[in-house]
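Engineer: If you read the sequence shown in this note's numbering, its first letter stands for residue 101, the second for the next number, and so on.
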Amino acid sequence: MKPLHVLLLSVALALPGLTHAQSSSTFKENAAADARAKAEKGWWYFEKKKEPPKLEEPAPQPQPEPVAQPSKPEKSKEEKCKEKATWSADCGFVHPGQDFEFQAKQRDALMERMVVSNNDPQAVEAFQYYMRWVLERTSEVTNLWWYNMVQNPELDPTAAQPISAMGLRLMTEVRKGSEAEIFDVARDEGGMFVFFSRSDCIFCHQMAEPLRIMQERTKLPIRNASLDGQCIAPFVEGCLTGEVAIQAAQALQVATVPTVFLYIKPNTWIRIATGITDADSMATRAMQFFTAYRTALLKGVENGQDGRPSVDFGKDEGPTGNLSTGVGAGKRQEVSEELIHDLLGRKN
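Here's what the structure looks like:
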């Protein structure tokens, strides 16, 4: 039997190991329990974070009631008819001004109404008003078309063959009602005919008789401007030759002869013939072009260009041959006062 002190010492030495074994066993049990608890949470492993408290939004302020806008008065039928967007066939024809689409809309609607309506005089009348407007525009454009073609022979498809059907009636004289009065005014304003020619041009010689008739008919003088120094009978007296005639032809772009201008002081040149033209045609053109020129002056219309005078044509108012060469088109020049004096101021 061991002594008591040895036994106590053995117990004392065994206690720490027992205590340590008990602590280790307890720790392992606690860790396993904690793992089981966490495993049971599945994918909700992480704890949900607490959101910060939301600030209270101020209560919405009451909005003032919208003030009712006064309604626009409805347009009258007359006002609606004047506008393209609100026009209808019931309005009848309304002058479209310069709105091409507006006139096209009226044309189609009024024609359709006229065609599909049975025994409706008003439908036909409305389209007649439209056609009257079209014909007025056509008349003005036709006059301007003719005027441009005579002033610029390049626009005339018959210029290469200067004897037209009208030119075959060289001796025709058809008087117009107000012709004498018009030519009296032209004469009072210093008007005359200027005839550009060459002696080797057969058409220039054939123009002598129509020009003689024009001189008797209008009482306006005729001045021959020869580009080769030889004048055409019977216009030898007062004939102009040399540099003066050539400069004038260049300034007026006389590319072919014969060419005839109506000259009005102080510096207005209106071309009335290129190639053979009968007296009646020249007289008619001179009268109409001069009337349109005076109308433009009275109305203040300015549409002249390249030396041509302004004109207003508004409603208020066969055998072939080569043309002889003139002086060529060249660059357009102004017809100076000095040149006019040299060209037209001489008596011989």
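Don't be surprised by glycine CBs; every beta carbon is placed ideally from N, CA and C. Computed from a predicted model, the values in this text were never measured in an experiment.
Answer yes if the stretch 237-244 comes into contact with the stretch 213-227, meaning at least three C-beta pairs across the two stretches below 8 Å, and no otherwise.
Structural biologist: Judged by Cβ distances under 8 Å, the stretch 213-227 makes no contact with the stretch 237-244, as fewer than three pairs qualify.
Engineer: Return helix, strand or coil for T341, following the three-state DSSP convention.
Structural biologist: Reduced to three states, the DSSP call for T341 is coil.
Engineer: In chain order, what residues of the same chain have a beta carbon less than 7 Å from the beta carbon of A429, not counting five sequence neighbours either side?
Structural biologist: Unreliable positioning characterises A429 in this predicted model, as indicated by a pLDDT of 47, which lies under 50. The coordinate reading is nonetheless provided below. For A429, where only same-chain residues beyond five positions count, the Cβ hits under 7 Å are Q353 and A355.
Engineer: Beta strand (DSSP E) containing N324: first to last residue?
Structural biologist: Taken as a continuous stretch (DSSP letters only), the beta strand (DSSP E) holding N324 covers I322 to S326.
Engineer: Report the rounded CA-to-CA distance for T391 versus W246, giving the unit in angstroms.
Structural biologist: Answer to the nearest angstrom: the Cα atoms are 14 Å apart.
Engineer: Can you name the start and end residues of the beta strand (DSSP E) that S297 belongs to?
Structural biologist: Start and end: M292 to S297.
Engineer: If C301 and V357 are in contact, beta carbons under 8 Å, what's the gap, nearest whole angstrom?
Structural biologist: Right, their Cβ atoms sit about 5 Å apart.
Engineer: Are there 16 or more other CB atoms within 10 angstroms of the CB of P158, so buried, or fewer, so exposed?
Structural biologist: P158 should be labelled exposed.
Engineer: CB L311 to CB F295, shorter than 8 Å?
Structural biologist: Yes.
Engineer: Can you give me the start and stop residues for the beta strand (DSSP E) that A373 sits inside?
Structural biologist: Counting along the chain, the beta strand (DSSP E) containing A373 begins and ends at T368 to T374.
Engineer: How would you label S188, buried or exposed, when you count the other beta carbons within 10 angstroms and need 16 or more for buried?
Structural biologist: That one is exposed.
Engineer: Starting from T359, follow the beta strand (DSSP E) in both directions and report where the run begins and ends.
Structural biologist: Segment T359 to I364, the beta strand (DSSP E) holding T359.
Engineer: In whole angstroms, what is the alpha-carbon distance linking Y229 and Q222?
Structural biologist: Approximately 11 Å between the Cα atoms of the pair.
Engineer: Starting from K319, follow the alpha helix (DSSP H) in both directions and report where the run begins and ends.
Structural biologist: Run containing K319: none; DSSP gives neither H nor E here.
Engineer: How big is the Cα-Cα spacing for K319 and A325?
Structural biologist: If you take the alpha carbons of K319 and A325, they lie about 19 Å apart.
Engineer: In three-state DSSP terms, what is T377?
Structural biologist: In the structure shown, T377 sits in coil (DSSP, three-state: anything other than H, G, I, E or B).
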